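Visitor: Right, I'll just put the structure down here and ask away after.
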Amino acid sequence: MLRLRSSARLLRKLCEASRPLGRGEVPRVPPLPTMTRRLSGAASAARSTSLLHPLPGLDLPPCLPDQLPASREQMVYSYDTLKAYIPQAVEVLLDSVRNPLFVQDEVDRQLALTREEVHGVQKNPEKFLQEVLNLAGYEGALANPLIAPEEALEIINADIIRKFYHENFTADRVVLAASGVDHQQLLDVAEPLLSDWHKGSPMETPKSTYTGGDFRYKAESDMTHVALAFEVPGGWLKEREATIMTVIQTLMGGGGSFSSGGPGKGMHSRLYLRVLTKYHGVQSFSAFSNVYDNTGLFGIYLTTPPDFVSKAVVIAVQELIAIATPGQVTEVELTRAKNSTISSVLMNLESRVIVAEDIGRQLLTYGSRKPIDHFLQCMEELTLDDVTAFAKMMLSSQPTMASYGDVNKVPPYEFISMLLQRFR
């Protein structure tokens with residue numbers, strides 16, 4: 001797991017190009033062995049030949065990490081393998097991180113695929129709006145796109161990718177985390193492979209400033225999509241506030257109208273009870289959050305016919321104001337949201353893959369891993385007053401709004417800001 005200084009989507013795609021295909025999966029590019037070796041670092045002299053001699057009756061582990069998700073701040077290389085292959089898996093994982101080769105032909109191939117992805121995002125309203133929210137709401141590093149714009153793709157080449165790699169993939173920015181393996185065994189395997197990895201050159205941490213703002217994108221669509229968000233100051237580094245935000249997201253809930261009548265579909269969440277079951281013109285209405293180390297966004301994403309969007313946005317504002325109003329949230333609602341959040345977290349931690357990723361992310365963010373009892377204690381201490389105070393603080397920031405489709409009837413930004421004037 002690595003902490004990144006900027007967007008890493010193209011680098012992720014370059015490495016994903018040679019991941020192993022699942023059963024029945026159609027390759028997106030021709031299966032070129034040379035390309036696989038260069039992108040994965042398989043040709044590195046550092047790798048031993050032990051992978052050529054598997055244990056009897058067992059298949060080789062995959063030639064590349066199983067997953068390589070990238071966010072604005074971190075990239076995760078993850079590997080799921082049998083315990084018998086821990087030495088080989090760690091070697092492949094670290095070799096993939098330390099020894100990739102970026103050749104221009106391969107970069108060009110991935111640039112072409114990235115252009116297709118960019119076009120696809122522009123046709124997916126929810127993904128598009130989640131991306132442009134940062135552009136509208138921030139100045140500085142977090143305003144940089146996670147998905148590179150087409151004009152940037154025109155100037156990217158192997159040298160630029162290689163420079164990005166060498167700036168970010170350094171020993172002081174990497175955490176090796178694992179679950180289901182003895183700690184000393186992991187050390188014995190990894191230490192010889194990492195002992196010569198040096199720290200990178202000191203670089204100033206990029207700054208980001210939340211400003212709020214409005215972004216509107218006209219597109220041919222039967223529906224209008226709107227994301228309305230506010231700043232979560234402090235981000236993950238303010239653990240208590242981040243915990244409150246997580247509970248509020250569960251409390252508000254939401255979803256799509258098509259599932260509002262089904263069993264077990266979150267029917268007790270506020271946005272289901274107060275919006276989806278009441279306004280049949282609303283196609284979807286749900287709370288969301290995008291959180292980073294020092295800041296974040298929390299808000300409501302909605303989809304409605306154009307004729308109803310003006311009222312729907314006002315409803316979204318009213319629902320957020322209700323959370324910030326004493327007496328509007330009951331103790332029963334809060335207890336249910338807390339229990340649901342705890343249940344979700346504990347269920348996720350039953351997965352070793354998620355546990356390993358959680359260890360790595362917490363080490364990069366906090367410098368240590370917080371025990372689950374710490375989280376449970378924070379949940380136990382959370383009160384209605386905490387929820388109200390957090391919501392008031394959040395609504396005191398300038399709104400960030402992004403819309404897609406027929407945006408002519410989306411309320412003016414100044415009108416939305418005026419509705420929230422009491423919190424400033």
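Residues 1 to 424 in full-length UniProt numbering are what the sequence shown spells out, letter by letter. Heads up, the beta-carbon is just placed ideally off N, CA and C, and yes, glycines get one too. Note that the structure is predicted; figures quoted are calculated from it, not measured.
What's the gap between the Cα of N99 and the Cα of I359?
Guide: Residue 99 sits at position 99 when you count from the first residue of the sequence shown. Residue 359 sits at position 359 when you count from the first residue of the sequence shown. Distance between the alpha carbons of N99 and I359: 24 Å.
Visitor: For the alpha helix (DSSP H) that K218 lies in, which residues bound it at each end?
Guide: In the sequence shown, counting from the first residue as 1, residue 218 sits at position 218. Element bounds for K218: not the alpha helix (DSSP H) but the beta strand (DSSP E), G213 to K218.
Visitor: Mind listing, in chain order, the continuous beta strand (DSSP E) runs of no fewer than 3 residues lying wholly within the region 56-129?
Guide: Whole beta strand (DSSP E) segments, 3+ residues: zero.
Visitor: Taking just the CA atoms, how far does V76 sit from Q185?
Guide: Taking the first residue of the sequence shown as position 1, residue 185 is located at position 185. Taking the first residue of the sequence shown as position 1, residue 76 is located at position 76. Cα-Cα distance, rounded: 22 Å.
Visitor: In whole angstroms, give me the CA-to-CA distance for V118 and P149.
Guide: Position 118 of the sequence shown, counting from 1, holds the residue named residue 118. Position 149 of the sequence shown, counting from 1, holds the residue named residue 149. About 7 Å.
Visitor: Would you report the Cα separation of Q130 and G299, rounded to the nearest angstrom?
Guide: Within the sequence shown, the letter at position 130 stands for residue 130. Within the sequence shown, the letter at position 299 stands for residue 299. Rounded to whole angstroms, Q130 to G299 spans 11 Å at the Cα level.
Visitor: Could you check the C-alpha separation between V232 and A324 for me, to the nearest Å?
Guide: As a first step, residue 232 is located in the sequence shown; it is residue number 232 there, counting from the start. As a first step, residue 324 is located in the sequence shown; it is residue number 324 there, counting from the start. Rounded to the nearest angstrom, the two C-alpha atoms are 14 Å apart.
Visitor: Report buried or exposed for F390, applying the criterion of at least 16 other Cβ atoms within 10 angstroms of its Cβ.
Guide: Stepping through the sequence shown from its first residue, residue 390 is reached at position 390. Residue environment analysis places F390 among the buried positions, since at least 16 neighbouring C-beta atoms fall within 10 angstroms of its C-beta.
Visitor: Considering only C-alpha positions, which residue in the set L276, L271, G405 and M393 is nearest to R422?
Guide: Counting from one through the sequence shown, the residue named residue 422 turns up at place 422. Closest in C-alpha terms to R422, from the list L276, L271, G405 and M393, comes M393.
Visitor: Pull up the distance between the alpha-carbon of R424 and that of A337, whole angstroms please.
Guide: Numbered from 1 along the sequence shown, position 424 holds the residue referred to as residue 424. Numbered from 1 along the sequence shown, position 337 holds the residue referred to as residue 337. Rounded to whole angstroms, R424 to A337 spans 28 Å at the Cα level.
Visitor: Give the DSSP-derived three-state secondary structure of V313 in the structure shown.
Guide: Here residue 313 refers to the residue found at position 313 of the sequence shown. Residue state, collapsed to three classes: helix.
Visitor: Going along the chain, which residues of its own chain have a beta-carbon closer than 7 Å to the beta-carbon of V291, five neighbours each way excluded?
Guide: Locating residue 291 in the sequence shown gives position 291, counting from the first residue. So the list reads V232, G235, W236 and A242, once near-sequence residues are dropped.
Visitor: Mind checking whether I315 and V189 have CB atoms under 8 Å apart?
Guide: Indexing the sequence shown from 1 puts residue 315 at position 315. Indexing the sequence shown from 1 puts residue 189 at position 189. No, these two residues do not count as a Cβ contact at 8 Å.
Visitor: Can you tell me which of the three DSSP states L194 falls into?
Guide: Within the sequence shown, the letter at position 194 stands for residue 194. Helix, per DSSP.
Visitor: Taking DSSP as the reference, what is the three-state secondary structure of residue 456?
Guide: Lying before the first or after the last residue shown, residue 456 is absent from the chain, which here runs from 1 to 424.
Visitor: Taking only the alpha-carbon atoms, compute the straight-line gap between L395 and F230 and give it to the nearest angstrom.
Guide: The residue given as residue 395 occupies position 395 in the sequence shown. The residue given as residue 230 occupies position 230 in the sequence shown. Distance between the alpha carbons of L395 and F230: 6 Å.
Visitor: Checking 8 Å against the spacing of the C-beta atoms, do M252 and T304 come in under that value?
Guide: Taking the first residue of the sequence shown as 1, we reach residue 252 at position 252. Taking the first residue of the sequence shown as 1, we reach residue 304 at position 304. Result no, Cβ atoms of M252 and T304 do not sit closer than 8 Å.
Visitor: Along the chain, where does the alpha helix (DSSP H) containing F169 start, and where does it finish?
Guide: Working through the sequence shown from its first residue, we reach residue 169 at position 169. First-last for F169: undefined, no H or E at that position.
Visitor: CB Y210 to CB Y301, shorter than 8 Å?
Guide: Residue numbering aside, residue 210 sits at position 210 when the sequence shown is read from its first letter. Residue numbering aside, residue 301 sits at position 301 when the sequence shown is read from its first letter. Against a cut-off of 8 Å, the Cβ pair of Y301 and Y210 comes out as no contact.
Visitor: Determine the DSSP secondary structure at Q398, reduced to helix, strand or coil.
Guide: As a first step, residue 398 must be located in the sequence shown, where it is residue number 398. Q398: coil per DSSP, three-state reduction.
Visitor: Taking all protein chains shown into account, decide if S40 is buried (16 or more other Cβ within 10 angstroms of its Cβ) or exposed.
Guide: Your numbering for residue 40 matches position 40 in the sequence shown. Here S40 scores only 38 on pLDDT, less than 50, and its place in the model should not be relied on; the value that follows carries that caveat. Classification of S40: buried, given that the 10 Å Cβ count is 16 or more.
Visitor: How about V332 and L384: are their beta carbons less than 8 Å apart?
Guide: As a working mapping, residue 332 is identified with position 332 in the sequence shown. As a working mapping, residue 384 is identified with position 384 in the sequence shown. No. Outside cutoff.
Visitor: Which residue marks the beginning of the alpha helix (DSSP H) containing G360, and which one marks its end?
Guide: The sequence position of residue 360 within the sequence shown is 360, counting from 1. That run of the alpha helix (DSSP H) goes R352 to Y366.
Visitor: From the DSSP output, in three-state form, read off G22 for me.
Guide: Locating residue 22 in the sequence shown gives position 22, counting from the first residue. Low local confidence applies: a pLDDT of 38 at G22 is under 50, so the model's placement there is unreliable, with the coordinate-based value given in what follows. In the structure shown, G22 sits in coil (DSSP, three-state: anything other than H, G, I, E or B).
Visitor: Expressed to the nearest angstrom, what Euclidean distance is found between the alpha-carbon atoms of P399 and V355?
Guide: For the purposes of this step, residue 399 is identified with residue 399 of the sequence shown, where counting begins at 1. For the purposes of this step, residue 355 is identified with residue 355 of the sequence shown, where counting begins at 1. For P399 and V355, the distance between alpha carbons rounds to 35 Å.
Visitor: In the DSSP assignment, what are the bridge partners of N290?
Guide: Against the sequence shown, residue 290 aligns to sequence position 290. Beta-bridge pairing links N290 to L297.
Visitor: Determine contact between the region 371-379 and the region 399-418, defined as no fewer than three beta-carbon pairs at a distance below 8 Å.
Guide: no
Visitor: Can you tell which of S78, A158 and P125 has the C-alpha that lies nearest to the C-alpha of L101?
Guide: Position 101 of the sequence shown, counted from the start, is the residue given in the question as residue 101. For the residues S78, A158 and P125, the minimum Cα distance to L101 belongs to A158.
Visitor: Just to confirm, is the Cβ distance from L153 to R115 under 8 Å?
Guide: Locating residue 153 in the sequence shown gives position 153, where the first residue counts as 1. Locating residue 115 in the sequence shown gives position 115, where the first residue counts as 1. Contact: yes.
Visitor: Give me the Cβ distance between I160 and V387, rounded to the nearest whole Å; I'm assuming they're in contact under 8 Å.
Guide: Numbered from its first residue, the sequence shown carries residue 160 at position 160. Numbered from its first residue, the sequence shown carries residue 387 at position 387. Their Cβ separation, rounded to whole angstroms, is 46 Å, which puts I160 and V387 out of contact at 8 Å.
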